[in-house]
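Trainee: Have a look at the structure that comes next, please.
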């Protein structure tokens, strides 16, 4: 077994992004549906595995020609661990981030049976081939399943480091990736019954709501809090989706009395959250505060006013006390929870020590003590009182200013079962604290976060009655756990797994434990009996009990309904009234939507004749006047009445008849009820139907009103001709008997409309007309009317109905707001669509419209616009995977799109010779243009120091210059997405280099210390500098200071160093600089440079603007 390398110096585990890779090019791949949660659902972690001994293996993957890989993602060969097939997945240019993205993937996930899952602890590494100690390795654990068949690190390591040849990760353009995988067997998750095993039920996860579930379970298991929630006034007229108190009461009631897991949708709706909020992971601490503030507000003026304060509010005293004069300033503050440092603290007591640590205000930091002036002072915090329920938020997540990112602290951090805050003579207490109150606490709950800074999974360990029995609440699943699982295993730190493969050395796997305590809840011993009180039905308002019992009964009815479904048949009965109601409004094709007709739930053993009596009662049609037809699905996908039931069939049971009529064996029987009406519109017996009789249905089309409606049905002889029934049709339509009409047969509508003119003088048999066929008719249109009428005949109208599509158009600048809507047709061509948009915008040239399609999952524009005439029809633009969108985005270009597509647009930062600010230019030229053409174009757009100045174009990446582009290089292949393009004037001194002069790279840098290793971080704008033979550093300093215009006071603090392979060698003023830059055989001049070490005073990016921002940064809001 290959030994695992130590953690890299500057890449700790807290940079990880533990999410399923999403490959968000145009939207989620089929394995991820809907808005993607930034949360890793674990469905049970290592604690719940049946097998304690994992099987482990090591895999090495050498990837050649790495920098020339021109694909978005790459899979390794398959390797087997624990009888399972695995492979490594990488994104060489990052999964939409400027980092290498790397994941472990279940190789055969597509062929595994439904419900599969497997648990693995694994590490992924990129080997440093120059210095093994700089190998970057990250480890994690995950339960793989159908929904999450790959897992790993979206931000594994910066691309700038990976592709930097002096860093050692690419040697001979080969990258070496290693994977260590340990597999455990997974217990059967699905057969488990939480209520039966533990007496408690879990909460369903809405997508990424496990953080909320763990908090709700914790609050529910504080009975005093639960009782207060039950006593909040609500009325039977309240709606849980709009009332937080009622939704919380309902949720707590169900947790108390349900037998299965409880949904939280009503509660999140009462928060004013939409579905997208449920797929965004938030911070438990923030939700706790916001929810408690909201409840505190809702409790005002009620019998439970002040409950939140009574339970959770404590007070501390901030003080500043002068050392040399008698002056002290104090301020009392309240808190609902305490945020304790984890970093640098071994346990809760050490965090409290740090919390009350005294800070000395002296020297430049003296305290302004009113009339005493500036004074030496000591500043600190002490506690006046602690609350009965003490909530401790552990600062597992911190902002690292050096790295400009959030990091997770996975260090070992202990917390006691019994917490004594009176220890050492009450050192945490202020002089005014009431010493008669004993601040001894028992641990009630441990909220755990498993995962990394960019997401993970939450669950809670709770002992509801403060006995030795702990329970783990993990979304829907509740399990009994011992004290070790709840305490020691949540301290964090590292875990060792022994090797099990024979024939290898026995070096143990060491894994950082990503599951660790994140929030602790303690209950004061003296308040235990008051807080852990009895809560029963008498605490629940009567209207709430009635409402929830009714809900429970309805749920039980539904369950019973499902359980008894096999004993019943659903009979759906369509009548003429349904056809009249629906055709031309809800539907246009076929005859009826069966989901909108009257249905009967009939026991299968009931005889059909008995069922007819039910129909007689329902519709008032006596049994002798009823005739039922069976519907049939035709080969062309239409659905029509096919034939009447025979007397023999009507004598059968409902169940037997359904099986005769329906080969699909679903529980439905669809029938058409034919009722004939006499002169007085009363029902009469149906006429006898002989073989030559055909039942036809008729729709009337009005071209002027663009209306289609059902007008009735007729029996005709198959040997007769349409011309023989024209008078009857005119009567059905309300026309004069001799009105000239045109007849069309509606044949089918999928995938295309087929509606053909019917020859009025050919027999119905000759025209292949049969029972259930639909004839559409209209007045014969006068020739002059066709110009004013959009759809002059039935086929054109049905074609329009089939293809019409309302499209909402938005500008790319405002992608959330509709600008206008157009009624288009799905079969409109690309040209049709842009012409209509241009017409709507009053634009003469439709080719200046550029469209972008919509991503149904992210609800955003797709990243790439539609190319000119690259799609055939509107429908091609609207389809996204298996969904059809109704949104398109548009831009109005300054030149026609076909012309623009022949051009290459480059984003270039132009740096003026004497001005600080760079100008961002968008240069647009034909793709066959050269760099020289780009520079000539730039000259026309910027202010030059003199007319004949020479410009150059550079490629800059992570504050280093990687390339000066040759003047004749074609721009078509230049990539300005990953690299920055910089244009600048070539200084005169560089044009006249002597034989011994050198042009060197000069970069700004700072040093970072990480795990006792020094790492160089570049920043700022790199530049070139000419150095002459024999020139000292002192001479060069003068030129650098003049070039950069740095004030003397600041420049004195700067250090100068020669850097090779990232290692600084500091220079003295007398050193001859040119002697350091003698080697010409290094790969790439950027490997050696003159470094200017000084503090980075450039403003940091706003954290919210960081595209890879950690998901917890989105604030929690409860709107109602």
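Residue numbers (my numbering): 361 to 1480.
The beta-carbon is built from N, C-alpha and C at its ideal position, and this holds for glycine as well.
With a threshold of 16 other CB atoms inside 10 Å of the CB of residue 373, please say whether the residue is buried or exposed.
Mentor: Note that residue 373 scores 34 on pLDDT, short of 50, meaning its location in the model is unreliable and no value can be drawn from it.
Trainee: Given that a residue counts as buried once 16 or more other Cβ atoms are within 10 Å of its Cβ, and exposed if not, what is residue 1306?
Mentor: Exposed.
Trainee: Based on Cα-Cα distance, which residue from 798, 971 and 1448 lies nearest to residue 887?
Mentor: When only C-alpha atoms are compared, the closest one is 798.
Trainee: Taking the C-alpha atoms as reference points, what is the distance between residue 789 and residue 898?
Mentor: Cα-Cα distance, rounded: 40 Å.
Trainee: Could you give the first and the last residue of the continuous alpha helix (DSSP H) run that contains residue 669?
Mentor: 667-672 is the span of the alpha helix (DSSP H), which, as asked, contains residue 669.
Trainee: Compare the Cα-Cα distances from residue 893 to each of 1407, 586, 833 and 1285 and report the closest residue.
Mentor: Answer by Cα proximity: 586.
Trainee: Does residue 1061 pass the burial test, meaning 16 or more other C-beta atoms within 10 Å, or should it be called exposed?
Mentor: Flag for residue 1061 reads buried.
Trainee: Buried or exposed: residue 309, going by 16 or more other Cβ atoms within 10 Å of its Cβ?
Mentor: Residue 309 is absent from the structure shown; the chain starts at 361 and stops at 1480.
Trainee: Which whole-angstrom value is the C-beta distance of residue 689 and residue 680, which I expect to be below 8 Å?
Mentor: Yes, they are in contact, since the Cβ atoms of residue 689 and residue 680 sit about 5 Å apart, within 8 Å.
Trainee: So the beta strand (DSSP E) residue 979 belongs to, where does it begin and stop?
Mentor: It is not in any beta strand (DSSP E) - residue 979 instead sits in the alpha helix (DSSP H) that spans 968-979.
Trainee: Can you tell which of 1201, 1055, 842 and 1180 has the C-alpha that lies nearest to the C-alpha of residue 1135?
Mentor: Nearest C-alpha to residue 1135: 1055.
Trainee: With a 10 Å radius around its C-beta and 16 neighbouring C-beta atoms as the bar for buried, classify residue 1378 as buried or exposed.
Mentor: Classification for residue 1378: buried.
Trainee: Look up residue 630 in the DSSP assignment and say whether it is helix, strand or coil.
Mentor: Correct three-state label for residue 630: helix.
Trainee: Rounded to whole angstroms, what is the Cα-Cα separation between residue 467 and residue 453?
Mentor: Going by the C-alpha atoms only, they are around 22 Å apart.
Trainee: Which stretch, first to last residue, makes up the beta strand (DSSP E) that contains residue 1346?
Mentor: Segment: none, residue 1346 is in no beta strand (DSSP E) and carries neither H nor E.
Trainee: Which residues does DSSP pair with residue 1115 in a beta bridge?
Mentor: In DSSP, residue 1115 forms a bridge with 1106.
Trainee: What is the DSSP secondary structure of residue 1170, reduced to helix, strand or coil?
Mentor: Reduced to three states, the DSSP call for residue 1170 is strand.
Trainee: Report the three-state DSSP secondary structure of residue 1316 (helix, strand or coil).
Mentor: Three-state result, residue 1316: strand.
Trainee: State the DSSP-derived secondary structure class of residue 659, mapped to helix, strand or coil.
Mentor: Reduced to three states, the DSSP call for residue 659 is helix.
Trainee: When you compare only the Cα positions, how much space is there between residue 922 and residue 443?
Mentor: Their Cα atoms are separated by approximately 40 Å.
Trainee: Are residue 960 and residue 981 close, meaning C-beta to C-beta below 8 Å?
Mentor: Going by C-beta atoms, residue 960 is not nearer than 8 Å to residue 981.
Trainee: Measure the alpha-carbon distance for residue 1009 versus residue 990 and round it to whole angstroms.
Mentor: Residue 1009 and residue 990: Cα-Cα distance of roughly 11 Å.
Trainee: What are the start and end residues of the beta strand (DSSP E) that includes residue 737?
Mentor: It spans 737-745 - the beta strand (DSSP E) in which residue 737 sits, taken as one unbroken run.
Trainee: Let me know if residue 853 comes out buried or exposed under the rule of 16 or more other beta-carbons within 10 Å of its beta-carbon.
Mentor: Residue 853 is exposed by the Cβ-count criterion.
Trainee: Since I believe residue 1386 is in contact with residue 1344 (beta carbons under 8 Å), could you give me their beta-carbon distance rounded to a whole number of angstroms?
Mentor: Contact flag wrong, Cβ pair sits at about 15 Å.
Trainee: Around the Cβ of residue 1422, are there at least 16 other Cβ atoms within 10 angstroms (buried) or fewer (exposed)?
Mentor: When all chains shown are included, residue 1422 counts as buried.
Trainee: So residue 988 packs on residue 1033, CB below 8 Å; how close in whole Å?
Mentor: Rounded, the Cβ-Cβ distance is 6 Å, consistent with contact.
Trainee: By the three-class DSSP mapping on this structure, what secondary structure does residue 1012 have?
Mentor: Correct three-state label for residue 1012: coil.
Trainee: Hey, how far is the Cα of residue 411 from the Cα of residue 946?
Mentor: Since pLDDT at residue 411 reaches only 40, below the 50 mark, its modelled position is unreliable, and no value is offered.
Trainee: Distance check for residue 1240 and residue 395, CA to CA, integer angstroms please.
Mentor: Because the pLDDT at residue 395 is just 28, under 50, the model does not fix this residue reliably, and the value given afterwards should be weighed accordingly. If you take the alpha carbons of residue 395 and residue 1240, they lie about 14 Å apart.
Trainee: Measure the CB-CB distance between residue 885 and residue 800 and report whether it falls below 8 Å.
Mentor: Result yes, Cβ atoms of residue 885 and residue 800 sit closer than 8 Å.
Trainee: What does the alpha-carbon distance come out to for the pair residue 403 and residue 576?
Mentor: In this prediction, residue 403 has a pLDDT of 34, which is less than 50 and means its spatial position is unreliable; nothing more can be read from the coordinates.
Trainee: Between residue 1242 and residue 1265, which are expected to be in contact by the criterion C-beta below 8 Å, what is the C-beta distance as a whole number of angstroms?
Mentor: Incorrect: roughly 34 Å between the Cβ atoms, too far for contact.
Trainee: Which of helix, strand or coil does DSSP assign to residue 471?
Mentor: The answer is helix: DSSP assigns residue 471 an H, G or I state.
Trainee: Report the residue ranges of all beta strand (DSSP E) runs contained in full by the segment 873-920; include only those spanning at least 3 residues, in chain order.
Mentor: Segments of the beta strand (DSSP E) lying fully in the segment 873-920: 875-884.
Trainee: Do the segment 719-729 and the segment 657-665 meet, that is, are 3 or more Cβ pairs less than 8 Å apart?
Mentor: Segments in contact, no.
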